[in-house]
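J.:
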Amino acid sequence: MTDSAIAKAKDTLIKNGFLDIDVDPTLVLEDEINRLKKEKNAVILAHYYQEAEIQEIADYVGDSLGLSQMAANTDADMIVFAGVHFMAETAKMLSPEKKVILPDLKAGCSLADSCPAPLFKKFKEKYPEHVVVSYINCTAELKTLTDICCTSTNAVHIIESIPEDKGIIFAPDKNLGLYLEKKTGRDLVLWNGSCMVHEIFSHEKITKLQLQHPDALFIAHPECEPHLLEKADFIGSTSALCKFTQESDATEFIVATEVGIIHEMQRRSPNKIFMPAPPNNTCACNECPHMKRNTMEKLYLAMQYELPEIQLEQWVIDKGTACIDKMLEISAKAGL
Ligand code: 13P
Ligand code: SF4
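Numbering (numbering that gives the first Met the number 0), first residue to last: 0 to 335.
1) What is the chain-ordered set of residues for which the beta carbon lies under 5 Å from any non-hydrogen atom of ligand 1?
2) Between the alpha carbons of Asp74 and Glu96, how many angstroms are there, rounded?
3) Taking 7 Å as the limit, name every residue whose beta carbon sits nearer than that to some heavy atom of ligand 2, in sequence order.
4) According to DSSP, Lys98 sits in a beta bridge with which residue or residues?
5) In the structure shown, what three-state DSSP assignment does Leu298 receive?
6) Would you tell me roughly how many angstroms separate the C-alpha atoms of Ala139 and Gln211, rounded to the nearest one?
7) At which residues does the beta strand (DSSP E) containing Ile316 begin and terminate?
8) Which runs of the beta strand (DSSP E) fall wholly inside the segment 245-270 and span at least 3 residues, in chain order?
9) Please say whether Glu305 and Lys105 have beta carbons closer to each other than 9 Å?
10) So what does Pro275 bridge to, in DSSP terms?
11) If you draw a straight line from the alpha carbon of Asp76 to that of Arg266, how long is it in whole angstroms?
12) Just to confirm, is the Cβ distance from Leu64 to His84 under 9 Å?
13) Examine the Cβ distances between the segment 257-274 and the segment 87-96 and report whether three or more of them are shorter than 8 Å.
14) Does Gly192 come out as helix, strand or coil in the three-state DSSP assignment?
15) Using a Cβ-Cβ cut-off of 7 Å (strictly less than) and excluding sequence neighbours within five positions of Glu286, which residues of its own chain qualify?
16) Between the C-alpha atoms of Phe243 and Asp21, what's the straight-line distance to the nearest angstrom?
17) What do you reckon, are the CB atoms on Ala81 and Leu26 nearer than 9 Å?
18) Quick one: residues in its chain with C-beta nearer than 7 Å to the C-beta of Glu224, no 5 flanking neighbours on either side, listed in chain order?
Below, the structure written as structure tokens:
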């Protein structure tokens, strides 16, 4: 690559948040990505909400907890994150000496955006004695204001690890917070944030689908609203939902989370039927527009140029990593 090609590539990155460069259409991207993986000692970590072809080429596909555990323990030189910004930031905090690449810097998260750190700082001042538990779907800056992080897989364990006489602030997802209140019997001070994907499921359309498929189980992610969780046969993180569908005797499922997860469910259980829960708009299923910003072309270019790279200020790494380490420690003790 010439210096001018690199300068041109960087220019498109500043403008678009990703490398907007034409890719030779004759290239077999799977082969190219596999070649770059070896050449650069890179590992591709992908979330279950990614496009099927990205899940297929990844070295590890998992939920937020699994992905952080992998990021903390990998011996690769470069972590390529097929997920969203907060996930790549978490990887950088856990492995600051490694190069962490996110194919599109604009792959954000409505939940993380719903809790700006300066506003949260003021909110937290009202409860000086409370322990702050933040869902990992938050910015690195918010993690600097957090005592313990959690994911949907370990959230109950994290809340239960805090002494009963301690008040708890839970941010940013109010739906997960309300679910945790119910599961643990604890009162939580909740931040009013939510995920755009899990808030737009249509109760009415799901009920209709259930009437058409009376044997189907309705399964949901705890980021869904309480009225939906009340009717769910099973509630869990993405990895818990996959495990449940694999182990269940049922053969039909209505799935209330981002539709990308159905790829993994179908892979594990090719003979079962998975129906995405419909949203309250004209679409047939819910896609996360942030997760879906990643494409095979962007993944290939990001690995070739080693850009866009996640960079965090040192104070953010120093102050924000403790809450993730604490979460990993509690999770390991709980065997998660
Ligand atoms: P988990 O995969 O940890 O359940 O998280 C779901 C999610 O919304 C990730 O953005
Ligand atoms: Fe954020 Fe929701 Fe997308 Fe997950 S699905 S990245 S919580 S907007």
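Backbone N, C-alpha and C fix where the C-beta goes; we use that ideal spot for every residue, glycine too.
T.: Reading from the atomic positions:
1) Asp62, Ser63, Thr150, Ser151, Ser236 and Thr237
2) 11 Å
3) Result: Tyr48, Val83, Cys108, Ser109, Leu110, Ala111, Asn136, Cys194, Met195, Val196, His197, Glu222, Glu257, Cys287, His289 and Met290.
4) Met77
5) In the displayed model, Leu298 falls within a helix according to three-state DSSP.
6) If you take the alpha carbons of Ala139 and Gln211, they lie about 44 Å apart.
7) Unbroken run through Ile316 is the alpha helix (DSSP H), Gln313 to Lys332; no beta strand (DSSP E).
8) Entirely contained in the segment 245-270, the beta strand (DSSP E) runs reaching 3 residues are, in chain order, 251-255.
9) no
10) Val254
11) Approximately 30 Å between the Cα atoms of the pair.
12) In this structure, Leu64 sits away from His84, with a CB-CB distance that is not shorter than 9 Å.
13) No: the two stretches stay apart, fewer than three of their Cβ pairs being nearer than 8 Å.
14) Residue state, collapsed to three classes: strand.
15) Glu257 and Val258
16) 42 Å
17) Judged by their CB atoms, Ala81 and Leu26 are not nearer to each other than the 9 Å cut-off.
18) Asn174 and Glu198
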